[in-house]
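Numbering (the UniProt record's numbering), first residue to last: 1 to 323.
Step one of this worksheet: look at the structure below.
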Amino acid sequence: MSEFDLIGRYFAALGPERPDVALGVGDDCALLEIPAGQALAVSIDTLSAGVHFFPDCDPEHIGHKSLAVGLSDLAAMGAEPAWATLALTLPAADEDWIRAFATGFERLASAHGMRLVGGDTTRGPLSVAVQVHGLVPTGTAIRRSGARPGDAVFVSGTLGDAGLALRRMLAGESVAPELRRRLECPEPRVELGQRLRGVASAMIDLSDGLAGDLGHILRASAVGAVLELDRLPLAPQLAELVAATDDWSLPLASGDDYELCFCVPPAHIPNVERLAEALALPLTRVGWIRASAGLDLRRPDGGRLTRPARGYDHFPVADDRAD
């Protein structure tokens with residue numbers, strides 16, 4: 001199968017038709033029409049075999065996750081998904097693998113009304129890059145820089161599940177299917193992000209761990225925060241592990257949660273509580289924003305975690321903090 005056969009068979013008509021796509025896959029460029037009164041939100045992520053997924057991962061799951069991580073970025077800005085482009089590097093044109101990959105990508109794209117409008121295919125080590133484009137009413141995007149002292153800090157869902165799955169897989173241990181799914185098929189909180197417009201003062205998606213990602217909000221907003229560790233929403237098996245080991249690294253720094261962390265002024269907290277009920281999604285208050293810089297991690301016994309876990313970093317530098 002040639003490169004052009006591959007594109008025509010599996011990617012030319014991926015995702016639902018959209019009236020704002022004047023020209024999609026098949027020409028040198030896509031032609032897209034941005035509706036009046038909308039700002040364009042754009043993000044790109046690359047997933048590489050052996051770094052972001054195991055080489056033997058189900059290709060349908062890779063297709064899902066390659067789009068999900070970008071959708072999570074759009075969710076963090078309160079944007080509505082619109083279009084995507086895909087750069088796929090393959091060791092070989094394996095039709096079974098490509099078909100499954102396209103199925104996973106298509107299912108998630110269709111669920112969020114997103115159209116694939118272009119991309120590229122090349123031969124080489126397995127790697128997937130997806131650029132997502134979303135629309136958000138002008139002036140309503142939720143940025144990292146809006147947190148203010150007194151705001152409550154919330155997170156969606158549960159934390160650390162994907163990190164626990166990865167730890168067990170690396171150790172050669174069995175992993176429950178629902179736990180592995182949290183690692184390989186995360187569900188981006190797209191609707192939540194849109195419904196937090198006008199409610200949240202700042203927001204970020206949790207791709208590299210709560211401590212590190214919240215730190216991005218703190219730096220952008222020039223504030224600090226207090227997190228109460230006993231408030232972190234943990235699935236039962238992770239809660240048992242933390243209770244037994246006093247190791248908070250998974251919920252704080254393991255990454256791949258793809259939940260949302262957001263700050264809310266006190267007047268809007270009742271809105272969040274109603275939103276949690278409407279979406280049937282846990283939205284947990286885990287701390288608050290303060291004026292003084294830094295992240296204060298308060299343990300259940302009242303003490304402080306003095307060496308916060310760091311989030312994932314592709315190019316880490318030496319850690320020179322005192323033990």
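Glycine is no exception: its CB is placed at the ideal position from the N, C-alpha and C atoms.
This structure is a prediction, so every number in the text was calculated from the model and none was measured.
Worksheet entry | D320, buried or exposed, once every other Cβ within 10 Å from all chains shown has been counted against 16 | The count along the sequence shown starts at 1 and reaches residue 320 at position 320. Below a pLDDT of 50, predicted positions are generally treated as unreliable, and D320, at 41, falls in that range; the measurement from the model is reported next regardless. Counting Cβ neighbours within 10 Å, D320 comes out exposed, since fewer than 16 surround it.
Worksheet item: When we look at the beta-carbon of T158 and count the other beta-carbons within 10 Å, is it buried (16 or more) or exposed?
Response: As a working note, residue 158 is residue 158 in the sequence shown. Buried: at least 16 other Cβ atoms inside 10 Å.
Worksheet item: Does any C-beta atom of chain D lie closer than 9 Å to the C-beta of D96?
Response: Among the protein chains of the structure shown there is no chain D, as only one such chain exists.
Worksheet item: Using the beta-carbon count (16 or more within 10 Å), is residue 324 buried or exposed?
Response: Because the chain here runs from 1 to 323, residue 324 falls outside it and cannot be looked at.
Practice prompt. Go through its chain and collect everything with a Cβ distance to L283's Cβ below 6 Å, but skip five positions before and after it.
Written response: Against the sequence shown, residue 283 aligns to sequence position 283. Only F154, S156, V272 and A276 meet the Cβ criterion.
Discussion item. Please state the DSSP three-state secondary structure of M114.
Written reply: Walking along the sequence shown from the start, residue 114 turns up at place 114. In the three-state reduction of the DSSP assignment, M114 falls in the coil class.
Discussion item. I'd like the list of long-range same chain contacts for S110, defined as Cβ closer than 7 Å, with 5 residues on each side in sequence excluded.
Written reply: Translated into positions along the sequence shown, residue 110 becomes position 110. G15 and P16.
Worksheet item: Quick one: what's got a C-beta closer than 8 Å to A291's C-beta in the same chain, skipping five residues either side?
Response: The count along the sequence shown starts at 1 and reaches residue 291 at position 291. Closer than 8 Å at the Cβ level, and outside the excluded window around A291, lie P149, V223 and G224.
Practice prompt. Assign I62 to one of three DSSP states: helix, strand, or coil.
Written response: Within the sequence shown, the letter at position 62 stands for residue 62. Looking at I62 - three-state DSSP - the assignment turns out to be helix.
Worksheet item: In this structure, does DSSP put A225 in helix, strand or coil?
Response: What you label residue 225 is simply residue 225 of the sequence shown in a count that begins at 1. In the structure shown, A225 sits in a strand (DSSP, three-state: E or B).
Worksheet item: Can you tell me the Cα-Cα spacing of P177 and G37, whole angstroms?
Response: By one-based count along the sequence shown, residue 177 stands at place 177. By one-based count along the sequence shown, residue 37 stands at place 37. Here the C-alpha atom of P177 lies approximately 43 Å from the C-alpha atom of G37.
Item to complete: Enumerate in chain order the residues of its own chain whose CB-to-CB distance from T103 is below 7 Å, with the five nearest sequence positions on each side excluded.
Response: For the purposes of this step, residue 103 is identified with residue 103 of the sequence shown, where counting begins at 1. The answer, listed in chain order, is E60 and G63.
Fill in: Anticipated Cβ contact below 8 Å, P188 with A162, distance rounded
Counting from one through the sequence shown, the residue named residue 188 turns up at place 188. Counting from one through the sequence shown, the residue named residue 162 turns up at place 162. The pair is not a contact, with the Cβ atoms about 13 Å apart (cut-off 8 Å).
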